[in-house]
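Participant: Per my numbering, the sequence shown runs over residues 164 to 557. Note that beta-carbon positions come from the ideal geometry of N, C-alpha and C, so glycine has one too.
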Amino acid sequence: MIIKILLNYIIGYIRISIEGYYIERFINISRNNKITIWNLRRDKNVKLELNVGIKDLKKVAKIAKQTQCKLKIIKKRGIPFIFNKYKKRKIFLAFLILLMLLLGISSNFIWNIEIIEENEEIVQELEKDIQEAGLTIGKLKSKVNTKEIINKVRLQREDIAWMGIELKGTNVIVKVVKSTSKPEIIDEEDYCSIVSDKQGIITKINAQNGTIVAKVGDTVNVGTTLINGWMEGKYTGIRYVHAKGEIQAKVWYSESMTIPYEATERSETGKIENKYKIKFNNFEINFSKRLSKFEIYDTIYSENKFKIFQDFYLPISLVKTTNKEIIEETKKYTPEEAMNIGIQKLQEKLDDQIEDKEKIVNKIINKEEKEEGIEINVIYEVLENIGTNEKIVF
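1) Identify the continuous alpha helix (DSSP H) that holds K341 and give its terminal residues.
2) Which of the three DSSP states is assigned to R194 in this structure?
3) Could you tell me the alpha carbon to alpha carbon distance between F472 and E511, rounded to whole angstroms?
4) Using the Cβ count rule (16 or more neighbours within 10 Å means buried), how would you classify F557?
5) If we call anything under 8 Å between Cβ atoms a contact, is V379 one with I368?
6) To which residues of the same chain is T493 closer than 6 Å at the C-beta, ignoring the five residues directly before and after it?
7) What number of angstroms, rounded off, separates the C-alpha of A257 from the C-alpha of F457?
8) Just verifying my parser: in three-state terms, what is the DSSP assignment at G216?
9) So, does the region 423-437 touch the region 478-492, judging by three or more C-beta pairs under 8 Å?
10) Cα separation between G392 and K407?
11) Between the Cα of D360 and those of V335, E352, G400 and W415, spot the shortest distance and give me the residue it belongs to.
12) What would DSSP say about V383, mapped onto helix, strand or coil?
13) With H, G and I counted as helix, E and B as strand and the rest as coil, what does DSSP make of T309?
14) When the Cα atoms are used, what is the spatial distance from V340 to I273?
15) Using the Cβ count rule (16 or more neighbours within 10 Å means buried), how would you classify N275?
16) Which runs of the beta strand (DSSP E), 3 residues or longer, sit entirely within the region 387-437?
17) In whole angstroms, what separates the C-alpha of T366 from that of C355?
18) Just to confirm before moving on: does the CB-CB distance between D219 and E212 stay below 8 Å?
19) Taking the straight line between their C-alpha atoms, what separation do you get for T382 and E531?
20) By the 10 Å Cβ neighbour count, where 16 or more other Cβ atoms means buried, how is L266 classified, buried or exposed?
21) Provide the residue(s) that pair with M326 in DSSP beta bridges, ordered along the chain.
22) In this structure, does DSSP put A370 in helix, strand or coil?
23) Unbroken beta strand (DSSP E) runs of length 3 or more, entirely within the region 486-536: which are they?
24) Would you mind sorting P498 into buried or exposed? The rule is 16 or more other CB atoms within 10 Å of its CB.
25) Please determine, among I254, I300 and E547, the residue with the shortest C-alpha to C-alpha distance to E645.
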């Protein structure tokens, strides 16, 4: 909203009064038509004063007529009206020419980099790698070699399946598709064995093809052969096959943590303070020089870049710093309280790892009391199908 208001000041806005019995309807229709209105002040029950951008004046006049309201212009504000007022003065004409020149020059540079990741899958540290490859804010568009940048990034990373770069105005759109590691696909005609892909105790094993080499009750590790990809007959000898079967095992999921008897907990009070600064590329103008009034706080930064059109960004941005007040409290727990907190946290972690909760057959809780706290270990025993194909190499 702040950006829109500042932009309207640059383009120009008008303060108007609306008088009639259908003021609420006028406001609703204006907002439904995405017309930005601000600084509303009701003078009487049937009279309202508000600001509207100069580009929306015709739309507002049409809505006023539609709702049988009387429209009157009170004030005109913004840079266009200032220039109009002082158009005879050479200094303002020179300023206008300078502004147009600056806009023309700035259009040759990159002032925003937008990264679009397919399916909102986050590619870690991609922005850093793009900058190291040569795509940076403030660079001349003519110096940007998109193919070279794409090749550099893809050579450095294995988690990107596809990458594209598009220049629009002063904006660069980087599109990426994250690659996913896929298990090796073994053809039905290939000879293979079945090996364990998890550690556990076999509870059931059946083979539709191949020779069983593990039995119920065996403890197996990752990589242990369960069903061999060959069969031996009295008259046929050894015959290689594509092993098939069903293996069920009791596998373990484990999580541990230490809960101290005395801990400092942080919580928000609900009080916040906002500070603003204007950035001109790397130069900053800070509107608030004082330190935060909060003793302990968390800080959140947000940056909104100015743009004239959809893809014409300017080297100017508004940076908002939000400080949230935090209070720290020291809490003391008994061994029993600490144990219950630890068990709850660990069970939540383990529950997130297991899709079918009905297959949990046992929960084991181990604890060890120490001087500074209690160490908790929670183990889930889960019945799962295990086994993966492993190609036989001759």
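Facilitator: With the structure as the only source:
1) Run containing K341: none in the alpha helix (DSSP H); it sits in the beta strand (DSSP E), N334 to K341.
2) helix
3) 48 Å
4) exposed
5) yes
6) T427
7) 46 Å
8) Correct three-state label for G216: strand.
9) yes
10) 8 Å
11) Minimum Cα distance to D360 is reached at W415.
12) strand
13) helix
14) It is roughly 23 Å from the alpha-carbon of V340 to the alpha-carbon of I273.
15) buried
16) 388-391, 393-396, 400-403 and 407-423
17) 23 Å
18) no
19) 27 Å
20) Exposed, because fewer than 16 other Cβ atoms sit within 10 Å of the Cβ of L266.
21) V339
22) strand
23) 523-532
24) exposed
25) This structure leaves residue 645 out entirely; the chain is present only between 164 and 557.
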